[in-house]
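In the numbering used here, the protein residues as written are 664 to 816. We put the beta carbon where it would ideally sit given N, CA and C, even for glycine. What you are looking at is a predicted structure, and each value in this text was computed from that prediction instead of being measured. Data block below; observations after.
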Amino acid sequence: MASRPIQQFVKGQTIIKEGSEGDRSFKILRGEVLICKNNESGQLVPIAKLGNGEIFGEMYLFDAQKTRSATVIAVSSEVMVEVYSQTELLTMFETLSVATQSIFEGLNLRLKKTSRHYVEMIEQAKTITSMPSEPIQENTVITPHNKLKLRKP
């Protein structure tokens, strides 16, 4: 097998941008990356940190539009990755049984849903922690979106 291309990134450099078109995946040879999702405000919310030997950028293969589901940023002073082409990944995937392909597709869908849910939970937690610090009265109900409502006795 021919050797794969190697790419290097520096701390803070965006490797993949959420929503962009996917055409390759990466295996980390050295360093760490941060996987982030955009929240409703467009801010990046970290959802995972990956290091040596881990693979990222493969989820686009299971997306009908072939778009990236997250942003990936180098967090080490130097990140070195091995690049897997789309053709190579599809060839590997096609060697799997139909049942195994279905399992991978299902796991991918579940991971995307879990990531979205995680970002929503983080946003809700921010709302709760940004609430006023004065004591909450017994007849007060906390509702989503940082709104306090008084319950009628």
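Can you tell me whether residue i is helix, strand or coil according to DSSP?
{"i": "N701", "result": "strand"}
{"i": "H808", "result": "Confidence at H808 is low in this model, with a pLDDT of 46, below 50, so the placement of that residue should be treated as unreliable; the coordinate-derived value is given next. Coil, per DSSP."}
{"i": "H759", "result": "Note that residue 759 corresponds to Leu in the displayed sequence, not to His. Reduced to three states, the DSSP call for L759 is coil."}
{"i": "S688", "result": "strand"}
{"i": "S748", "result": "strand"}
{"i": "E695", "result": "coil"}
From the options, pick the residue whose C-alpha is nearest to that of residue i; which is it?
{"i": "C699", "options": "A788, L759, K775 and S740", "result": "K775"}
{"i": "E681", "options": "T750, E786, Q764 and F719", "result": "F719"}
{"i": "I678", "options": "R667, R731, V761 and S704", "result": "R731"}
Since residue i contacts residue j with CB under 8 Å, what's their CB separation in whole angstroms?
{"i": "L713", "j": "V696", "result": "5 Å"}
Can residue i be considered in contact with the ligand ZN, in the sense that its beta carbon sits closer than 6 Å to one or more heavy atoms?
{"i": "S688", "result": "The ligand ZN is absent from the structure shown, which contains no ligand whatsoever."}
Item to complete: Evaluate the contact criterion for the stretch 722 to 735 versus the stretch 757 to 776: three or more CB pairs, one atom per stretch, below 8 Å.
Response: Taking a cut-off of 8 Å for Cβ pairs, the stretch 722 to 735 and the stretch 757 to 776 touch, as three or more such pairs fall below it.
Worksheet entry | Validate contact between the stretch 667 to 674 and the stretch 731 to 749 using beta carbons, cut 8 Å, 3 pairs | yes
Item to complete: Give a yes or no on contact between the stretch 747 to 756 and the stretch 684 to 691, applying the rule of three or more CB pairs nearer than 8 Å.
Response: yes
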